[in-house]
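All remarks here apply to the structure that follows.
Take a look at the structure:
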């Protein structure tokens with residue numbers, strides 16, 4: 009998707025900025041964060057009679073989350089909009105029993121999607137089965153725009169605003185097409201280097217922020233064979249994968265120096281045969297490779313001036329019967345601090361980064377025993393990352 013400058017008014021003199029899909033107020037003041045009615049700590053869930061008087065919403069959601077998580081996010085959304093959210097609580101510590109006890113006039117149907125999102129083909133199959141979701145994590149948003157599968161969100165989000173100092177603006181910029189937004193950032197992944205601890209050189213794990221020269225030196229220090237001398241190690245898998253992020257000359261150097269190969273000594277993928285020292289990995293593959301390598305992995309950033317990140321958007325289907333409600337809900341789950349904290353509390357989502365910079369949200373990531381240290385190191389780079397939208 010061709011990137012264009014996002015149409016936001018940045019108020020530099022105040023050190024704050026605002027987002028509004030219909031434009032900012034004429035007065036030079038920052039928009040507030042997502043606003044809800046003041047919460048009352050003594051409030052109780054609605055009765056069945058009250059629910060009937062309020063009417064009913066129904067929404068089908070396709071996200072890479074469990075049914076229980078989607079249900080709790082919807083209850084949190086309802087609670088914060090109706091004065092049922094305790095003022096001394098956050099999404100990180102609110103009682104799940106309390107949320108579950110809230111009756112809402114909302115029926116939410118949940119479809120668990122892939123972490124990479126739904127493709128046009130999968131959505132077509134769901135539609136044929138009468139299961140077309142109203143909102144969903146999307147893969148290849150360009151094709152979904154071209155086929156009119158999703159709608160522009162601007163007209164439905166014109167009254168919503170968030171504190172842009174807490175949102176990574178590059179994620180929104182990547183989701184603009186023809187001056188309009190067709191999705192909101194649900195999470196992002198980054199490109200990084202990973203290596204097998206089985207073949208650590210004597211120098212140990214490299215610095216997380218490594219230079220190009222240091223990387224080559226490090227690759228040379230990875231043992232060429234395993235400890236019993238029977239397996240020939242591919243020091244780096246597929247140097248050409250680095251070309252979009254470094255340059256062709258650098259990749260050629262790795263190949264000509266015998267530091268990289270696409271196959272192991274038996275002609276197989278060295279990552280799969282576990283005969284690989286290091287390779288380029290998308291952080292969204294963290295679970296896959298971590299589970300496959302029993303001796304563990306280590307990670308380091310690409311030796312680049314930029315962090316390269318991929319945005320996975322959540323979109324509203326053109327067949328949605330209530331796009332205003334659907335758009336408001338996805339804005340809530342993407343940008344509300346408590347919604348993001350609750351989401352991270354309930355789902356590990358290792359390797360997937362939040363679209364907001366609230367400390368409480370990132371604290372949920374840092375608590376992860378396996379991924380926490382890497383996540384916190386990336387926090388400082390996300391505001392200036394080079395963002396692109398996910399494709400098939």
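In the working numbering, the protein residues as written are 9 to 400. Here a beta-carbon is modelled for each residue, glycine too, at the ideal position from N, C-alpha and C. Quantities reported herein were computed from a predicted structural model and do not represent experimental measurements.
Residue from the options whose Cα sits closest to the Cα of residue i
i           : options               : result
residue 255 : 282, 218, 312 and 238 : 312
residue 199 : 128, 375, 301 and 318 : 318
residue 194 : 187, 182, 377 and 186 : 182
residue 361 : 320, 338, 225 and 377 : 320
residue 72  : 122, 204, 334 and 328 : 122
residue 262 : 226, 274, 234 and 394 : 226
residue 208 : 149, 327, 338 and 303 : 303
residue 125 : 99, 173, 103 and 70   : 70
residue 363 : 376, 197 and 306      : 197
residue 232 : 220, 210, 222 and 215 : 210
residue 393 : 306, 316 and 217      : 316
residue 105 : 76, 222, 216 and 235  : 76
residue 90  : 78, 110 and 103       : 110
residue 279 : 301, 259 and 291      : 301
residue 129 : 142, 148 and 114      : 148
residue 88  : 365, 400, 366 and 341 : 341
residue 116 : 99, 143, 96 and 100   : 143
Strand pairing of residue i, partner residues [DSSP]
i           : result
residue 342 : Paired residues: none, contrary to the question.
residue 117 : 68
residue 188 : 185
residue 375 : Beta-bridge pairing links residue 375 to no other residue.
residue 75  : Answer by DSSP bridge pairing: none, since residue 75 is not bridged.
residue 290 : 199
residue 394 : 316
residue 145 : 322
residue 361 : 196
residue 5   : This structure does not reach residue 5, given that the chain is present from 9 up to 400, and the question cannot be answered.
residue 217 : For residue 217, which the question treats as bridged, DSSP gives no partner whatsoever.
residue 284 : 242
residue 307 : 202
residue 175 : 364
residue 268 : 244
Anticipated Cβ contact below 8 Å, residue i with residue j, distance rounded
i           : j           : result
residue 192 : residue 322 : 6 Å
residue 155 : residue 189 : Not really, about 18 Å apart at Cβ, beyond 8 Å.
residue 349 : residue 372 : 6 Å
residue 326 : residue 157 : 6 Å
residue 272 : residue 281 : 5 Å
residue 67  : residue 333 : 7 Å
residue 213 : residue 306 : 5 Å
Buried versus exposed, by CB contacts within 10 Å (16 or more), residue i
i           : result
residue 386 : buried
residue 388 : exposed
residue 398 : buried
residue 136 : exposed
residue 251 : exposed
residue 164 : buried
residue 145 : buried
residue 64  : exposed
residue 112 : buried
residue 299 : exposed
residue 329 : exposed
residue 236 : exposed
residue 178 : buried
residue 175 : buried
residue 103 : exposed
residue 185 : buried
- Query: Is the region 288-302 touching the region 356-364 in the sense that three or more CB pairs, one from each, lie closer than 8 Å?
  - Reply: yes
- Taking one C-beta from the region 255-272 and one from the region 237-244 each time, how about it: are there three or more such pairs within less than 8 Å? yes
- Message: Does the contact criterion of 3 or more C-beta pairs under 8 Å hold for the region 277-289 versus the region 199-211?
- Response: yes
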